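Residue numbers (this note's numbering), protein chains in the order written: chain W, 2 to 252; chain P, 55 to 376.
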């Protein structure tokens with residue numbers, strides 16, 4: 002689904018990550034871990050085609066830049082780290098913008114689109130807020146709304162920038178369950194996370210982005226180790242064993 | 055959703071009705087009373103009032119449409135059609151023409167040329183930043199517009215100081231906004247009609263753009279192209295309006311904001327509503343301006359503010375209480 006070769010991540014002339022290469026198959030999930038400012042969001046935006054890529058990014062066997070914008074929007078969804086709404090709108094209206102790439106220029110959202118939107122809102126657990134003003138939502142609820150908007154794009158691959166930030170435990174689990182459902186439908190998922198334990202348990206693969214511009218990619222169980230995490234975050238961690246599973250806690 | 059679509063159709067229908075009623079009112083009142091039956095045969099109506107009413111409607115519609123576009127482009131409800139320096143350039147052009155005692159057609163032409171010059175200066179200077187990040191380009195565009203505006207403001211003050219007394223009154227009226235000079239409104243009306251046709255197909259793209267550049271881009275909107283196109287359209291609309299009626303303030307800021315409070319931010323309904331609402335507001339304001347203390351005429355720019363400010367404050371306080 003996603004093939005990356007020799008991708009350099011740099012922002013404002015500063016090289017953050019060099020020669021990234023990995024593949025992600027359909028129905029697989031990848032967690033990106035790293036310190037603040039390591040270039041996780043920049044990598045994600047590059048994969049989404051929102052910034053020019055220096056290197057090769059192929060989506061479903063075609064170069065990213067060969068896609069027309071609308072076509073690309075039907076293929077991948079990207080969720081920003083933070084949502085800002087300059088103008089007031091209801092939750093339902095905000096979610097419906099996810100149908101944009103599926104509608105013709107003169108078409109407006111049909112009843113089917115509204116039904117789809119209500120389904121997406123109920124999957125992330127905020128259907129009861131459909132008529133609320135988007136400005137009245139809490140940070141976590143706004144994040145769930147962004148996920149619902151991405152679901153409405155019905156893409157083949159999700160690129161999510163910290164989808165779990167601002168979410169309480171219950172909502173975080175809802176979000177992960179929805180992502181698992183999408184995975185079972187054959188969609189690929191790339192998510193920036195700050196939770197090594199969740200990355201280990203709920204994601205198939207992981208990529209660690211170190212401060213010195215190096216990176217490590219592999220199956221989460223192979224890559225997410227106490228030693229690697231210690232190097233990644235620059236803080237000592239301890240691994241606890243529980244029924245054969247590992248848990249990491251900061252010292 | 056179907057319900058709200060019906061509500062939207064009703065709003066547009068009501069605004070169209072209001073616009074038509076505004077036209078009938080504007081054509082029938084004045085120093086010569088014209089009966090409703092003679093509305094389309096009377097010379098006073100056809101040669102004096104109709105051009106002026108069409109000019110007022112076109113100016114109001116263009117300013118409100120440009121304002122709505124600027125508010126989306128800047129993602130700020132305080133956006134205004136004049137932020138790109140277009141009205142400053144137009145003022146310099148018009149005042150120069152007035153200074154040399156040229157006829158009103160030349161004044162309008164000079165204003166439009168001045169607006170275009172300001173537009174190209176602003177875009178030309180801000181272009182260097184295109185390679186930078188989007189928000190930087192945007193703030194650079196804004197800053198360039200503001201600086202060009204204030205530069206033009208300085209030239210305007212200079213021209214006002216240097217002008218002989220006989221042209222001073224005309225200049226001041228032009229600066230506040232005056233539709234008495236709108237003798238040839240049909241090109242402006244054509245610009246409005248063409249503008250609506252150019253903008254409406256983009257309405258849903260603009261909805262996406264209002265949520266932010268990257269979100270719009272991730273939804274398949276060609277952001278850079280759309281943004282440049284919409285800026286350009288907004289500037290041309292403003293130039294056309296200013297060349298016809300002078301720099302009439304307030305309509306471009308308040309009408310889109312007012313209608314957004316009432317209708318929400320769906321550009322598919324907001325943009326046509328702005329054209330009808332802005333046009334009708336200016337039409338009514340101009341009717342008042344020429345009848346309130348006839349035969350003396352009031353400057354329309356002052357009247358639009360007097361009508362709009364209380365209305366706007368009332369809507370805003372209602373919004374807060376909700």
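All C-beta atoms in this analysis are idealised placements derived from N, C-alpha and C, irrespective of residue type, glycine included.
Treat the numbers as computed from the prediction; the structure is a model and nothing was measured.
Proximal residues of chain W, C-beta to C-beta of residue i below 7 Å
{"i": "residue 200(P)", "result": "Result: empty, since nearest Cβ-Cβ is about 20 Å, beyond 7 Å."}
Listed by chain order, chain P residues near residue i by CB distance under 8 Å
{"i": "residue 70(W)", "result": "271, 274, 275 and 276"}
{"i": "residue 78(W)", "result": "272"}
CB contact below 7 Å: residue i versus chain W
{"i": "residue 427(P)", "result": "Residue 427(P) lies beyond the stretch modelled for chain P, which goes from 55 to 376, so this question has no answer here."}
{"i": "residue 368(P)", "result": "no"}
{"i": "residue 262(P)", "result": "yes"}
{"i": "residue 255(P)", "result": "yes"}
Residues near residue i in its chain [Cβ-Cβ closer than 6 Å; skip 5 each side]
{"i": "residue 20(W)", "result": "7"}
{"i": "residue 27(W)", "result": "2, 187 and 189"}
{"i": "residue 166(P)", "result": "293 and 297"}
Cα-Cα separation between residue i and residue j, rounded to whole angstroms
{"i": "residue 151(P)", "j": "residue 159(P)", "result": "10 Å"}
{"i": "residue 100(W)", "j": "residue 153(W)", "result": "6 Å"}
{"i": "residue 163(P)", "j": "residue 143(P)", "result": "12 Å"}
{"i": "residue 69(W)", "j": "residue 45(W)", "result": "19 Å"}
{"i": "residue 352(P)", "j": "residue 336(P)", "result": "13 Å"}
{"i": "residue 64(P)", "j": "residue 195(P)", "result": "38 Å"}
{"i": "residue 89(W)", "j": "residue 242(W)", "result": "49 Å"}
{"i": "residue 56(P)", "j": "residue 98(W)", "result": "For residue 56(P), the predicted structure reports a pLDDT of 44, less than 50, and the residue's modelled location is therefore unreliable. A value from the coordinates is still provided. C-alpha separation (whole angstroms): 16 Å."}
{"i": "residue 146(P)", "j": "residue 228(P)", "result": "11 Å"}
{"i": "residue 47(W)", "j": "residue 53(W)", "result": "7 Å"}
{"i": "residue 254(P)", "j": "residue 121(P)", "result": "15 Å"}
{"i": "residue 208(W)", "j": "residue 220(W)", "result": "9 Å"}
{"i": "residue 103(P)", "j": "residue 81(P)", "result": "6 Å"}
{"i": "residue 77(P)", "j": "residue 155(P)", "result": "32 Å"}
{"i": "residue 72(P)", "j": "residue 79(P)", "result": "10 Å"}
{"i": "residue 371(P)", "j": "residue 315(P)", "result": "11 Å"}
{"i": "residue 55(W)", "j": "residue 206(W)", "result": "23 Å"}
{"i": "residue 43(P)", "j": "residue 263(P)", "result": "The shown model of chain P, from 55 to 376, leaves out residue 43(P), and the question about it has no answer."}
{"i": "residue 102(W)", "j": "residue 252(W)", "result": "47 Å"}
{"i": "residue 40(W)", "j": "residue 24(W)", "result": "19 Å"}
{"i": "residue 214(W)", "j": "residue 312(P)", "result": "51 Å"}
{"i": "residue 124(W)", "j": "residue 125(P)", "result": "34 Å"}
{"i": "residue 82(W)", "j": "residue 136(P)", "result": "34 Å"}
{"i": "residue 158(W)", "j": "residue 59(P)", "result": "33 Å"}
{"i": "residue 231(P)", "j": "residue 303(P)", "result": "8 Å"}
Cross-chain neighbours of residue i in chain P, by beta carbon under 9 Å
{"i": "residue 81(W)", "result": "266, 268, 269 and 272"}
{"i": "residue 101(W)", "result": "258, 259, 261, 262, 270, 273, 274 and 275"}
Cβ neighbours of residue i in the same chain (closer than 7 Å, five flanking residues each side left out)
{"i": "residue 67(P)", "result": "none"}
{"i": "residue 305(P)", "result": "114, 117, 118, 332, 335, 336 and 358"}
{"i": "residue 234(P)", "result": "351"}
{"i": "residue 162(W)", "result": "42, 45, 80, 81, 82 and 193"}
Cβ shell of residue i (< 8 Å), same chain only, five flanking positions each side left out
{"i": "residue 95(W)", "result": "86, 135, 146 and 150"}
7 Å Cβ cutoff, residue i in contact with chain P
{"i": "residue 170(W)", "result": "no"}
{"i": "residue 88(W)", "result": "yes"}
{"i": "residue 51(W)", "result": "yes"}
{"i": "residue 98(W)", "result": "yes"}
{"i": "residue 149(W)", "result": "no"}
{"i": "residue 106(W)", "result": "yes"}
{"i": "residue 39(W)", "result": "no"}
{"i": "residue 74(W)", "result": "yes"}
{"i": "residue 140(W)", "result": "no"}
{"i": "residue 244(W)", "result": "no"}
Cross-chain neighbours of residue i in chain W, by beta carbon under 9 Å
{"i": "residue 194(P)", "result": "Chain W residues near residue 194(P): none, gap ~16 Å exceeds 9 Å."}
{"i": "residue 318(P)", "result": "88, 89, 90, 91 and 94"}
{"i": "residue 314(P)", "result": "88 and 89"}
Contact list for residue i against chain W, beta-carbon separation under 8 Å
{"i": "residue 130(P)", "result": "87"}
{"i": "residue 349(P)", "result": "None at all; the shortest Cβ gap to chain W is about 45 Å."}
{"i": "residue 322(P)", "result": "109"}
Whole-number beta carbon distance between residue j and residue i, since they are thought to touch under 8 Å
{"i": "residue 86(P)", "j": "residue 98(P)", "result": "5 Å"}
{"i": "residue 210(W)", "j": "residue 35(W)", "result": "4 Å"}
{"i": "residue 75(W)", "j": "residue 156(W)", "result": "7 Å"}
{"i": "residue 12(W)", "j": "residue 57(W)", "result": "Actually they do not touch by this definition, with Cβ atoms about 19 Å apart."}
CB contact check: residue i to chain A, cutoff 7 Å
{"i": "residue 119(W)", "result": "The structure shown contains no chain A; its protein chains are W and P."}
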